[in-house]
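Chains as they are written, first to last, in this note's numbering: chain A, 36 to 244; chain B, 36 to 244.
Here the structure comes first, spelled out in structure tokens, and everything after it is commentary.
2 protein chains.
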Amino acid sequence: MSLHDALEWRYAAKRMNGQKVPLHKINAILRAAQYAPTSMGLQPFTIFVIENKELREQIKPLAYNQPQVTESSHLLVFAAWTDLTGVHVDEYIDEIVATRGVSVESLDAFKKAMMGFVNNQTAEAKIQWAANQTYIAFSFALAEAALQQVDATPMEGFNIAAIDDLLQLKEKGLTSVTLLPLGYRDEENDMFVKMKKVRRAKEKLFIHL
Amino acid sequence: MSLHDALEWRYAAKRMNGQKVPLHKINAILRAAQYAPTSMGLQPFTIFVIENKELREQIKPLAYNQPQVTESSHLLVFAAWTDLTGVHVDEYIDEIVATRGVSVESLDAFKKAMMGFVNNQTAEAKIQWAANQTYIAFSFALAEAALQQVDATPMEGFNIAAIDDLLQLKEKGLTSVTLLPLGYRDEENDMFVKMKKVRRAKEKLFIHL
Chain A
36 MSLHDALEWR YAAKRMNGQK VPLHKINAIL RAAQYAPTSM GLQPFTIFVI
86 ENKELREQIK PLAYNQPQVT ESSHLLVFAA WTDLTGVHVD EYIDEIVATR
136 GVSVESLDAF KKAMMGFVNN QTAEAKIQWA ANQTYIAFSF ALAEAALQQV
186 DATPMEGFNI AAIDDLLQLK EKGLTSVTLL PLGYRDEEND MFVKMKKVRR
236 AKEKLFIHL
Chain B
36 MSLHDALEWR YAAKRMNGQK VPLHKINAIL RAAQYAPTSM GLQPFTIFVI
86 ENKELREQIK PLAYNQPQVT ESSHLLVFAA WTDLTGVHVD EYIDEIVATR
136 GVSVESLDAF KKAMMGFVNN QTAEAKIQWA ANQTYIAFSF ALAEAALQQV
186 DATPMEGFNI AAIDDLLQLK EKGLTSVTLL PLGYRDEEND MFVKMKKVRR
236 AKEKLFIHL
């Protein structure tokens, strides 16, 4: 299936039917998030894959009681790093060396550029930067879910502080950015299943220069 | 080609060869951005499609002289709305009515929720919200570019104020968020062409609960 057709097929399911998404599809969706490009390649996020129903029951009231949180089979929580430091940069440099077989010295200029970013940006700017990268991974997961014919409902409206508390994200140097329940649409109970997609016209959305 | 294979194939090309991307591929990439899901469906962004070489020459120094700005054949500039108002909400409601053939009254609760967002959020929060939605569209364009075997280099590092001035974005209620040159990798001059992809291991990136 082309992404074109997959994006026609997908919609933000408001109700899901509880059917379990097979592991190979979950893995394909996670892999797309893993392969998403990020600023300098740092991937400043952690993705929680929550299958535990009790935990999803606890999250549901923190996300306006949206039924997909528990009617899905897996809930992804995308969390951005809040504590980017030189340690992260060093770990990343080590990974580049191990993967590409290049010398540490050959990465000096790149490391210096990253350390400049780490040291010169405000804490708020770094969290925003990390959240932006998280959005890219989140979007790639969304696109792959559509290709896998798995329903996925992007969620930004939830109690960030409460979910951070519940998952002990602060202690882990993380903060929640988006939620993504994965499951299957409930054709009988979701009035949005058959509705036409509404999108701004090309003439309004694009300006050609 | 699967997205899996496309993401293996793609990389952030540092040099491009000037070859022109055919229109049908540009249109497929733009369509993916158009079909990206957004918060409440509002699509609070405008995408500039810049083929004009002179204009790209003017943009290049504002983006750290990265050669892909002019070695690509098209430069996409993703710009977020800075001025979300009730007018946007009304236009959107009109589009839903026209597309789905529902009554305006049936959308009252939805409109009220959107107006609550418009009226209760700070200007800064609304711009950040719009920028987040822009990232989703940007990411969908990136994914489709890979599927079309078109090279695309995500760029966040550029002089936002200068590009906003050049494209007169402020007057249009917009601010630039990301750049995306579209073209073809220069196999001879880009040392990154043959390098292995570096990604954090699954065990570090994902936490299963």
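Beta carbons are placed, not taken as given, at the ideal position from N, Cα and C, and that holds for glycine.
Cβ-Cβ separation, residue j to residue i (assumed contact under 8 Å), whole Å
| i | j | result |
| --- | --- | --- |
| I85/A | L244/B | 5 Å |
| L209/A | W116/A | 6 Å |
| Y170/B | N167/A | 6 Å |
| K55/B | S141/B | With 8 Å as the limit, K55/B and S141/B do not qualify as a contact, their Cβ atoms being about 47 Å apart. |
| A176/B | A67/B | 6 Å |
| R135/B | V233/A | 7 Å |
| W225/B | K49/B | According to the sequence as given, residue 225/B is Asp; it is not Trp. D225/B to K49/B, Cβ: 5 Å. Contact. |
| V137/A | I131/A | 7 Å |
| F235/B | Q78/A | Sequence check: residue 235/B is Arg here, not Phe. R235/B to Q78/A, Cβ: 5 Å. Contact. |
CB of residue i within 8 Å of CB of residue j, strictly
| i | j | result |
| --- | --- | --- |
| F152/A | A114/A | no |
| Q103/B | G218/B | yes |
| F193/B | Y99/B | yes |
| L111/B | L215/B | yes |
| E106/B | N52/B | yes |
| K60/A | V228/A | no |
| L38/B | L38/A | yes |
| A246/A | L119/A | Residue coverage of chain A in this structure runs from 36 to 244, which leaves residue 246/A outside it and unanswerable. |
| I198/A | I94/A | yes |
| A47/B | T188/B | yes |
| I195/B | S211/B | yes |
Collapsed DSSP secondary structure at residue i in the structure displayed
| i | result |
| --- | --- |
| L202/B | coil |
| F113/B | strand |
| S211/B | strand |
| M150/A | helix |
| D129/A | helix |
| G218/A | strand |
| F193/B | coil |
| A71/A | coil |
| V84/A | strand |
| A236/B | coil |
| A47/B | coil |
| D40/A | helix |
| D143/A | helix |
| F227/A | coil |
Residue i classed as buried or exposed, judged by whether at least 16 other C-beta atoms fall within 10 angstroms
| i | result |
| --- | --- |
| K147/B | exposed |
| M149/A | buried |
| M190/A | buried |
| Q183/B | buried |
| F80/A | buried |
| E179/A | buried |
| V139/B | exposed |
| T157/A | exposed |
| N161/A | According to the sequence as given, residue 161/A is Lys; it is not Asn. That one is buried. |
| A144/B | exposed |
| A133/B | exposed |
beta-carbon residue i near the ligand FMN non-hydrogen atom, thresh 7 Å
| i | result |
| --- | --- |
| A181/B | In terms of ligand content, the structure shown is empty, and the ligand FMN therefore cannot be addressed. |
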